[in-house]
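Number of protein chains: 2
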Amino acid sequence: MDIPWEERFACRMEGVTSSAIRELLKAVQQPGVISFGGGMPASELLPAEAVREASHRVLTERGHYALQYGLTEGYPPLQAWIIEYMARQGIIIDESNVLIISGGQQGLDLTARLLLNPGDRVAVESPTFLGALQAFNAYQAAYVPMPMDDEGLEIESLEAALAAGPCFVYTIPTFQNPSGVTLSQERRQALVELAARAGVPILEDDPYSQLRYEGEHLPSLLAVDASRCQSASDVYQGNVIHVGSFSKLLGPGLRLGWVVAPAVVIRRMVQAKQGIDVHTNLYTQMVVHEMIQDGFLEQHVARLRVVYRERRDLMLAAMARYFPPGVSWTRPQGGLFLWVTLPPSLNAGELLGEALCHQVAFVPGTPFYAGECSPHTLRLNFSYPRPEQIETGIQRLGEVLAQALEPAVFAIEHEIASP
Amino acid sequence: MDIPWEERFACRMEGVTSSAIRELLKAVQQPGVISFGGGMPASELLPAEAVREASHRVLTERGHYALQYGLTEGYPPLQAWIIEYMARQGIIIDESNVLIISGGQQGLDLTARLLLNPGDRVAVESPTFLGALQAFNAYQAAYVPMPMDDEGLEIESLEAALAAGPCFVYTIPTFQNPSGVTLSQERRQALVELAARAGVPILEDDPYSQLRYEGEHLPSLLAVDASRCQSASDVYQGNVIHVGSFSKLLGPGLRLGWVVAPAVVIRRMVQAKQGIDVHTNLYTQMVVHEMIQDGFLEQHVARLRVVYRERRDLMLAAMARYFPPGVSWTRPQGGLFLWVTLPPSLNAGELLGEALCHQVAFVPGTPFYAGECSPHTLRLNFSYPRPEQIETGIQRLGEVLAQALEPAVFAIEHEIASP
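As they're listed, the protein sequences go chains V and S. The numbering of the first sequence is my numbering, which starts it at 899 and goes up by one. The numbering of the second sequence is my numbering, which starts it at 899 and goes up by one.
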């Protein structure tokens, strides 16, 4: 008898579907298509040479250690680096507060595994990171969406969400994916205090905060919570589970990130991770530690900031030039993304086909919503495309939008402009 | 308000505890202690130089690709290598049947995630790999243990287990962990046919089969199932989920393995993995592919076989010399482990303390049992300790056993032998 596999999949698999974005990205990897769709760092800036040198040193000096089983908690010197990195932000932790993970995504999966029973609610920004929805859906989460404005999630909707008794609040407070919006200092304070008062943990996803192109650095929610509850001598015992990542700073192919959280949470995550993948690639942990121990990360990120700022500015300028009236967008102070709102008559999902015919790709907004969604939104990435592609791609997208808004007018203008 | 974290952990975390072995291993990493406890390959044989050279080539030639996001399914040339590797065993598959994973353990977690609803039963060998129990416990599995003899799991107990309607059968058919036992050819055939007739999938965990030191190679359950159900032109669509691993062949620190399964299973695993860790470390996938594409793996494994056979033989000879009458053990034809049964009067867990006082470590058998357990069993690893350590360590363990069996007699003999 052959197995009727589809009937055998567990209930939890019902909510698990493929990421629309990842399927799209596979489709648009044809030459000629300019993609604003992914969330990828600029390939040409990935530090291949530094990794090569670090790998050489690690394997020459400690190769047998690097290829052997490691501790689930992580490579101790890399944990120590994270402790020091946090100390510079005023957060006092020790190794009991740190877990090295296989990329930031694993921090979302581990948190959901630890905290979510089927049907539990998670309070999420609206829109939110679709990878987080994928992680939480696998644990049969329900959602309480919280609308945002230019200063991030709105406090009234946060209060309403907390009253609904969520299992935790999930937020990307800085240069949010997909919106590009940053939570203001006042709201950070309010979020941390209101969540603590309600006894609701916060899952802070923080992959982008080092990629700031203008404005003042804002403290992470972890830092705000640490100053709320921390005495000078004790390690962190607060309400925030903080997920960091090397993906946008060094390279996503390395699959390396970290969780900082109260020791009781880390202890449980370590137990869970033993059954999931034993430990994070030790060789890669050692290579990254070797690379960054003497200040390379700071220099490299400074370079990323210059290049990405330029690309953001180029994209904003091109949008102002080529996009028709009635289209609006966010102006992020950092990160990789901006968020476009089309006139209500346009549906971003329907426009994507037309855009692909014009050899330009983006991600429609709908998959980023946990609740009611706005079909006339879309996300653009400005870190991956090269400057000339940004100019050309936005021009193409502007034409698609103009044509969709006023097909008749566009046809005439296009005819007049053509020789 | 501070979060009462312990009260917040999800129901599924109740069954999740730390691996006794891993905690033990942390405790015994003091100099002087000879450990037969872990399941580690010999550190001095880990191929650091080959990894160094491969890493250099990958980063020089395709560094920007290696550090960028990759496909969840895996690095296509490494998938192609697996397809070819399977073809040499007579198994016809294509890329829709292969998923590259972050070590074999992830294959166990993914299978449980796909197939297990809380309370579902898994049929497991008794004893079985404790990492598998850790993976399945997180999905609130129940168990149907199947006793083994020298030829692996007993067919009568398999029939009884299948009648209990398990979600799947989990087995390590070749050089099982912890017992070292190998399922005979006849029983492989019977297992595959009975499971197919009952419509129950088989999860085949196959990390050790290349490490054979004597006897004839036996086909994997995947190969047996493929010849049961496969027409010459179709790719594999059978009942086995096969998990392979580079951990014992190249190095566990690389965290690299693979799943071969029907396409419908792989598709669902890919969806699940997107939410878990996006994809397996691409840089490491490329380095390993670069290393093994021209026959390095075969040469390296041939070398491992020579060294590990020698260590197995040394351990067996030392046990015959130093262990008191009434103690018995398995004689594995390959793999990393053998399994010791003590006289009923001795409890392996209680002996461990005494053994550590004598600077020698092992793993008591109890954590390897899903059901009724035998407290007078223990596992010994012979791949990690060096030859002189095997001799000395087994001698020490023999003394501990002799003393425990006949404390008075041992004291007199010991006194006479001392100067």
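Virtual Cβ for every residue (Gly too), placed ideally from N, Cα, C. A quick note: this is a predicted structure, and the numbers were derived from the prediction, not measured.
6 Å CB neighbourhood of residue i in its chain, flanking five on each side removed
i	result
Asp992/S	Val1133
Gly1296/S	Tyr1220 and Phe1221
Ala1289/V	In the sequence on display, residue 1289/V carries Glu and not Ala. Excluding positions up to five away in sequence, the list reads Ala1216.
Ala1315/V	Its pLDDT being 48, under 50, Ala1315/V is placed unreliably by the model, and the measurement read from it follows with that caveat. Excluding residues within five positions, none has a Cβ falling inside 6 Å.
Ala1088/V	Ile1053
Ser1107/S	Thr1072
Gly1113/S	Gln1231
Ala1033/V	Leu1006, Asp1007 and Ala1010
Distance CB(residue i)-CB(residue j) smaller than 8 Å
i	j	result
Pro1241/S	His1274/S	yes
Asp862/V	Ala1058/V	With chain V covering only 899 through 1317, there is no way to say anything about residue 862/V.
Leu1028/S	Met1044/S	no
Met1184/S	Val956/S	yes
Gly1173/V	Gln1038/V	no
Ala1159/S	Ile1139/S	yes
His1051/V	Phe1073/V	In the sequence on display, residue 1051/V carries Leu and not His. Not closer than 8 Å, so no.
Leu1119/V	Pro1076/V	no
Cys1065/S	Leu997/S	no
Leu1012/S	Met911/S	no
Asp1048/S	Val1079/S	yes
Leu1147/S	Leu1195/S	yes
Met938/S	Tyr967/V	yes
Gly1002/S	Ser1143/S	yes
Residue environment, residue i, which counts as buried when at least 16 other CB atoms sit within 10 Å
i	result
Gly1224/V	exposed
Cys1255/S	exposed
Thr1026/S	buried
His1115/V	exposed
Gln928/S	exposed
Pro1150/S	buried
Gly1251/S	exposed
Glu971/S	buried
Ser1243/S	exposed
Gln1083/V	exposed
Phe1201/S	Correcting the residue type first, residue 1201/S is Arg in the shown sequence and not Phe. Its Cβ having fewer than 16 others within 10 Å, Arg1201/S is exposed.
Thr1069/S	buried
Pro945/V	buried
Neighbourhood of residue i by C-beta, 7 Å cutoff - its chain only, sequence neighbours within 5 removed
i	result
Pro1291/S	Here residue 1291/S is Gly; the residue named in the question, Pro, does not match the sequence. Only Ile932, Phe934, Val1258 and Pro1283 meet the Cβ criterion.
Asn1137/S	Ala1093, Ala1094, Pro1099, Ile1100 and Asp1123
Pro1317/V	Because Pro1317/V sits at a pLDDT of 40, beneath the cut-off of 50, its placement in the model cannot be relied upon, and the following sentence gives the value as read from the coordinates. Contacts found: none.
Ala1121/S	Gln987, Gly988 and Ile989
Asn1035/S	Gly913 and Val914
Val949/S	Val1185 and Met1189
Pro975/S	His1187
Leu1017/V	Contrary to the premise, residue 1017/V reads as Gly rather than Leu in this sequence. Gln1038 and Ala1040.
Glu947/S	none
Contacts of residue i in chain V (Cβ-Cβ under 8 Å)
i	result
His962/S	Ser941, Glu942, Leu944 and Ala946
Phe907/S	Leu1012, Leu1013 and Arg1166
Leu957/S	Ala946, Glu947, Val949, Arg950 and Ser953
Gln1004/S	Ile1174 and Asp1175
Ala1033/S	Gly1173 and Ile1174
Per-residue contacts from residue i into chain S (C-beta, under 7 Å)
i	result
Ser1000/V	Ser1000 and Asp1175
Pro1150/V	Gln966 and Tyr967
Trp903/V	Pro1160, Val1162 and Val1163
Asp1047/V	In chain order: nothing, as chain S lies at least about 28 Å away.
Met1217/V	By Cβ distance, chain S contributes nothing, its closest Cβ being about 25 Å from Met1217/V, past 7 Å.
Proximal residues of chain S, C-beta to C-beta of residue i below 8 Å
i	result
Met1044/V	The premise fails here: Met1044/V is roughly 20 Å from chain S at the closest Cβ pair, so nothing lies under 8 Å.
Thr915/V	Gln1169
Neighbourhood of residue i by C-beta distance below 8 Å, restricted to the same chain and skipping five residues each side
i	result
Arg1210/V	Tyr1111, Pro1230, Leu1236 and Phe1280
Thr1182/S	Leu1152, Arg1153 and Leu1154
Ser994/S	Val1133, Ala1161, Ile1164 and Arg1165
Pro1126/V	The question names Pro, but residue 1126/V is Arg in the sequence shown. These residues qualify, in order along the chain: Val1090, Glu1091, Ala1094 and Gly1136.
9 Å Cβ cut-off: residues of chain S touching residue i
i	result
Gln1293/V	Neighbours of Gln1293/V on chain S: none; closest Cβ ~26 Å, over 9 Å.
Cross-chain neighbours of residue i in chain V, by beta carbon under 9 Å
i	result
Ala1320/S	Since the first residue shown for chain S is 899 and the last is 1317, residue 1320/S is missing from the structure and cannot be characterised.
Asp1007/S	Gly1173, Ile1174 and Asp1175
Arg1110/S	None at all; the shortest Cβ gap to chain V is about 22 Å.
Listed in chain order, which residues of the segment 1175-1202 of chain S have Cβ atoms closer than 8 Å to some Cβ of chain V? Asp1175, Val1176, His1177, Thr1178, Asn1179, Leu1180, Tyr1181 and Thr1182
### Members of the segment 1060-1080 of chain V that neighbour chain S once the beta carbon cut-off is set at 9 Å
Cys1065 and Phe1066
Cβ-based contacts, 7 Å cut-off: residues of the segment 1087-1108 of chain V near chain S:
Ala1094, Arg1095, Gly1097 and Pro1099
Query raised in the report: Taking any Cβ of chain S, which residues in the segment 1116-1150 of chain V have a Cβ under 9 Å from it, in chain order?
Result: Cys1127, Gln1135, Gly1136, Asn1137, Ser1145, Leu1148, Gly1149 and Pro1150
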